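Just add 1181 to wherever you are in the sequence shown, counting from 1, and you've got this note's numbering. I have placed the structure first, in the form of C-alpha cells, so that the comments after it can refer back to it.
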Amino acid sequence: MRTIIEPFKIKAVEPIRLTTRAERTDKLRHAGYNVFLLHADDVLIDLLTDSGTAAMSAEQWAAVMRGDEAYAGSRSWYRFEAAVKDLFGFRHVIPTHQGRAAERILFSTVCRPGDVVPNNTHFDTTRANIEAVGAQAVDLPCPEARRTQEPHPFKGDMDVTGLERLIAEVGAERVPLVMLTVTNNSGGGQPVSLANLRAVRALCGRHGIPLYLDACRFAENAFLIKLREPGYADHSVRQIAREMFSLADGCTFSAKKDGLANIGGFLATNDDRLAEQEKDLLILTEGFPTYGGMAGRDLDAIAVGLREVLEEDYLTYRLASVRYLGEHIARAGVPIVQPPGGHAVYIDAAAFLPHVPPLQLPGQALVAELYVEGGIRAVEIGTVMFGRHDPETGAETAAPMELVRLAMPRRVYTQSHVDYVVEAILEVWQRREGMGGFRIVRQAAVLRHFTARFEPLYSVGG
Ligand code: F0G
1182 MRTIIEPFKI KAVEPIRLTT RAERTDKLRH AGYNVFLLHA DDVLIDLLTD SGTAAMSAEQ
1242 WAAVMRGDEA YAGSRSWYRF EAAVKDLFGF RHVIPTHQGR AAERILFSTV CRPGDVVPNN
1302 THFDTTRANI EAVGAQAVDL PCPEARRTQE PHPFKGDMDV TGLERLIAEV GAERVPLVML
1362 TVTNNSGGGQ PVSLANLRAV RALCGRHGIP LYLDACRFAE NAFLIKLREP GYADHSVRQI
1422 AREMFSLADG CTFSAKKDGL ANIGGFLATN DDRLAEQEKD LLILTEGFPT YGGMAGRDLD
1482 AIAVGLREVL EEDYLTYRLA SVRYLGEHIA RAGVPIVQPP GGHAVYIDAA AFLPHVPPLQ
1542 LPGQALVAEL YVEGGIRAVE IGTVMFGRHD PETGAETAAP MELVRLAMPR RVYTQSHVDY
1602 VVEAILEVWQ RREGMGGFRI VRQAAVLRHF TARFEPLYSV GG
C-alpha cells in the first residue's frame, strides 16, 4: 500500500514561528502552566482542538464571497437551510453561533431543576449547560469505553442496560431527553454504532423520551460505521449519516467540527411547539432566526462544508493520519485509547505516568511536557477538566479517566507535521520516570480548565 497523501494542495500558507525549548519553558511558566493561556503564536503544532481550526477550501472561500448579509431571509440562509435539511432531515433548523449556544437554548427550554439528562459522555459545555439549569448530567458509556487500551469498534456506544436502570430509578418524567454524542469526544473520540443508536431509540420510544444527537462529528462517526459495522460497507457516508439522524428527534451541532467552518452551529428538532419556544429564545440572545449567531458568509461556508466533509477521499485521509499518529506512538509503548477514533489520539496519562496519582494531575504534566519538548499544544481531559472541587472543604475528586487529547485540525497539518509530533511524544515517553505532578493554585467555579493556574511539583522539562 502506498503512502496516503493529503487529498488537497495548499493555496495559502500561514507561517509557524519556531521557538526554543528555553523560550517555551518561560512562556509556559508565565501562563500558569495552562496551555489555554498561551499565545497561539508561541505554539508550533496546535492540537488543542479540532474545533473552528479547519482550513477552508477554495469552494468555501468562494461561498464566503457569495454571502448575503440581509438581516432577514437572506439567500445564504436558504442555501444553509437546504443543505442542513437535506442531510439532517429535521423539520426545524435554528442557527446559532456555535454548539454551546444550541445547547443553552435546548436545555433551558426542555429541562427543569431536578431533571436528569443521560448521554454516552457529556462534553464539558454540554454538562455545564445542563447543570446551569439545575438538572443533572449523567454519563452512561458502555463498559468497554473505560478499558482504554483494549480495542473495540464502537467504544462510543451507550450502556443501554444502564440507561434502562436509570430511567426506572428516576422515572421517565424526569428525563426530558436522552443524548448521544457522535463521536464520543470526552470518551476518547469513539464512534457510536447504528445498532446502539437503534437500541437507545427503541428504549426512548417505549418511555416517550426524545432522543437528541450531539452531532459535532457526525461525518467521522458515519465513516467509522461504514468501515466497522457489518452491513454498511456499501452504503455512502451520506446515507449512513441520514440513517443516524432518522433515528433522532433533534440534534445540536457545532459547525466548527464536521461543518469544516471556523464558526457556527445549529439546533434542530422535529417538534413544532418546541421550535417556536426555541426561536423566541434565539432572538433574545443570538439573533433573528434566519441568521442566528452567524454572518451570511458563515452560513454559506457551512453549506459547502457539509458537502465536502462527506467526501470519502477526505475522510479516508483524515482517519489515516489520526491512525498513523496513534499507531506510531503505541508501537513504542505509549498507552493510547485504542483504536484511534476520528478526530484525535487520546493518550492515557494515568498509564503513561503510573507514579503520578490522579489528584496530582498526570494529564496536566503530560500536556506541559509536550509543549516544552516540541511546542505541541494538547489538552487534558481528566481531573482538571472533569474532576470536582468542593469550595467548602477544598476536597478534590478525580475524574474517571486521565486522558490527554491530541486533536487534529481538519486539512491543516501535513504528514511531516505528524512525524514531528510522533518524535516529540517519544522523547517525553523516554523520560517519563523523571516527571511528576501538578497542583492547582487558582480556579474558577465552573469550567475551571480554561482559566486555572497550576504549579509543578517537580522540575518541568527534565
Ligand atoms: N459537543 C461536543 C461533543 C464538542 O466536542 C463540543 C466542542 C461542543 C459540543 C460545543 O461546541 O465549541 O461549538 O460551542 N468541542 C470543542 C473541543 C471545543 O475542543 O472538543 P462549541
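All residues carry an ideal CB built from backbone N, CA and C; glycine is no exception. Every value quoted in this text rests on a predicted model; they were computed, and no experiment measured them.
For T1564, the enclosing alpha helix (DSSP H) begins and ends at 1564 to 1567.
Of L1607, V1373, G1615, the smallest CA-CA separation from M1360 is found for V1373. In terms of side-chain proximity, the C-beta atom of A1588 is found nearer than 7 Å to a non-hydrogen atom of the ligand F0G. Under the three-state reduction of DSSP output, S1257 falls in the helix class. In this structure, T1466 has its CB at a distance of at least 7 Å from all heavy atoms of the ligand F0G. Going by beta carbons, G1544 and G1514 fall outside the 8 Å limit. Runs of the alpha helix (DSSP H) lying entirely within the segment 1240 to 1326 and spanning at least 4 residues, in chain order: 1256 to 1269, 1280 to 1291, 1305 to 1313.
In the same chain as F1426, and ignoring 5 residues on each side of it, the C-beta atoms closer than 6 Å to its own belong to F1269, G1270, in chain order.
Proximity annotation: the ligand F0G has residues T1230, S1232, Q1279, G1280, R1281, F1304, T1306, T1362, N1366, D1395, C1397, S1435, K1437 in chain order, each selected because its CB is closer than 5 Å to a heavy atom of the ligand.
Boundaries of the beta strand (DSSP E) harbouring I1528: 1525 to 1529, taken from the DSSP string.
Residue burial is scored here from C-beta neighbours: S1257 has at least 16 other C-beta atoms within 10 angstroms and is therefore classed as buried.
Counting along the chain, V1593 sits inside no alpha helix (DSSP H), nor does DSSP assign it H or E at all.
For A1353, the CB contacts under 8 Å within the same chain, skipping 5 residues up- and downstream, are H1388, G1389, I1390 in chain order. Residue state for Q1519 is assigned as coil, using DSSP reduced to three classes. Within its own chain, the residues whose Cβ lies closer than 6 Å to the Cβ of F1399, once the five positions on either side in sequence are excluded, are V1363, A1422, D1439, listed in chain order. Going by beta carbons, R1205 and G1556 fall inside the 8 Å limit.
The beta-carbon distance between R1327 and A1318, rounded to whole angstroms, is 18 Å. This is too long to meet the 8 Å contact definition. Residue state for A1349 is assigned as helix, using DSSP reduced to three classes. Excluding five sequence positions before and after V1599, the CB atoms of its chain that fall closer than 7 Å to its own CB belong to S1502, Y1505, L1506, given in chain order. DSSP places T1497 in the uninterrupted alpha helix (DSSP H) bounded by 1493 to 1512. DSSP places C1385 in the uninterrupted alpha helix (DSSP H) bounded by 1375 to 1388. Beta bridge pairing from DSSP links F1635 with I1621.
Straight through space, the alpha carbons of H1536 and L1228 are spaced by roughly 26 Å. Residue environment for L1199: exposed (fewer than 16 other C-beta atoms within 10 angstroms of its C-beta).
Between G1315 and G1337, the C-beta gap is not smaller than 8 Å, which leaves the two residues out of contact.
Cβ-Cβ separation between A1235 and R1569: approximately 33 Å, too far for a contact (criterion under 8 Å). Out of D1340, G1446, L1428, A1511, the CA that lies nearest to the CA of E1331 is found in A1511. Excluding residues up to 5 positions away in sequence, R1634, E1636 lie with their Cβ nearer than 6 Å to the Cβ of V1622 in the same chain. F1217: not part of any alpha helix (DSSP H); DSSP gives it neither H nor E. Assignment of F1447 by DSSP, reduced to helix, strand and coil, places it in the strand class. Taking a C-beta distance under 8 Å as the contact criterion, A1436 and G1446 qualify as a contact pair.
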